[in-house]
Amino acid sequence: MGIGLGSNLGDRGEELRQAFALLQEIDPGARFSSIYESTPVDCPPGSGLFLNAVALIRREGSLLRLLDQFQAYELERGRACVRPVNAPRPIDLDLLFAGDEVLSTPRLILPHPRLHGRLFVLLPLAELLPDFVLPGGGVGIQDLIRAAQSRPGAESCRKID
Numbered sequence: 103m104g105i106g107l108g109s110n111l112g113d114r115g116e117e118l119r120q121a122f123a124l125l126q127e128i129d130p131g132a133r134f135s136s137i138y139e140s141t142p143v144d145c146p147p148g149s150g151l152f153l154n155a156v157a158l159i160r161r162e163g164s165l166l167r168l169l170d171q172f173q174a175y176e177l178e179r180g181r182a183c184v185r186p187v188n189a190p191r192p193i194d195l196d197l198l199f200a201g202d203e204v205l206s207t208p209r210l211i212l213p214h215p216r217l218h219g220r221l222f223v224l225l226p227l228a229e230l231l232p233d234f235v236l237p238g239g240g241v242g243i244q245d246l247i248r249a250a251q252s253r254p255g256a257e258s259c260r261k262i263d
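Quick look at the structure:
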């Protein structure tokens with residue numbers, strides 16, 4: 103399954119390292135992309151640059167339980183319970199996809215509903231899965247990247263490690 107990681111508050115690099123450690127506890131064989139820096143998308147004015155990465159983990163069990171674990175971790179790391187949409191945060195962990203599963207519940211939608219248009223997810227994901235095809239959509243990752251890059255107002259996103 104794919105996990106998106108992002109941080110734009112505090113020591114962004116340390117926040118990603120701590121989240122990598124959490125994911126390695128869940129799956130010691132977890133794989134991680136390079137780290138990218140991106141401009142904020144749909145965030146309040148004055149929001150700082152993000153550091154982003156993607157992880158691939160193997161895990162059995164409830165996706166909602168994993169979502170709960172991620173949300174508890176985000177709160178533990180200082181994410182505000184009540185905040186404006188896309189407000190700055192120390193760490194954000196998003197379930198991007200779980201194999202070929204297509205899911206739509208009040209709490210979780212897979213694949214992530216904005217995965218297809220976000221360069222800060224697509225570029226690191228392409229490093230790990232260059233032949234990735236969007237579950238339920240049948241579109242390959244290179245086509246998704248081209249479409250996202252051609253979108254007016256597309257965020258800037260560059261690899262930093």
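With the numbering used here applied, the sequence shown covers 103 to 263.
Beta carbons: idealized from backbone N, C-alpha and C, even for Gly.
- Message: Tell me the rounded alpha-carbon separation between ALA228 and LEU158.
- Response: 12 Å
- Is ILE193 closer than 8 Å to ALA123 when the C-beta atoms are compared? The Cβ atoms of ALA123 and ILE193 lie no closer than 8 Å to each other.
- Among the residues of its own chain, which have a CB less than 6 Å from the CB of SER258, if the five just before and after it don't count? THR141
- Taking Cβ positions, are ARG179 and GLU139 nearer each other than 8 Å? no
- VAL223 in three-state terms, based on DSSP: helix
- Query: Looking at the structure shown, is ASP263 part of a helix, part of a strand, or coil, going by DSSP?
  - Reply: coil
- Message: Counting C-beta neighbours from all protein chains within 10 Å, is the total for LEU166 16 or more, i.e. buried, or is it exposed?
- Response: exposed
- Message: Excluding the 5 residues flanking GLY242 on each side, which residues of the same chain have their C-beta closer than 6 Å to its C-beta?
- Response: VAL235
- Alpha carbon to alpha carbon, how far is ASP113 from TYR175? Give it in angstroms, no decimals. 16 Å
- Message: Quick check: the Cα distance between SER109 and VAL156, rounded to an integer number of angstroms?
- Response: 12 Å
- Query: Among ARG191, MET103 and LEU169, which residue has its Cα nearest to the Cα of ARG133?
  - Reply: MET103
- What span of residues does the beta strand (DSSP E) with ILE294 cover, start to end? Here the chain comprises residues numbered 103 to 263, so residue 294 is not present and cannot be evaluated.
- Query: Can you list, in chain order, the residues of its chain whose CB lies under 8 Å from that of ASP233, leaving out five sequence neighbours each side?
  - Reply: GLY242 and ILE243
- Which partner residues does SER140 have in the DSSP bridge list? PHE152 and CYS259
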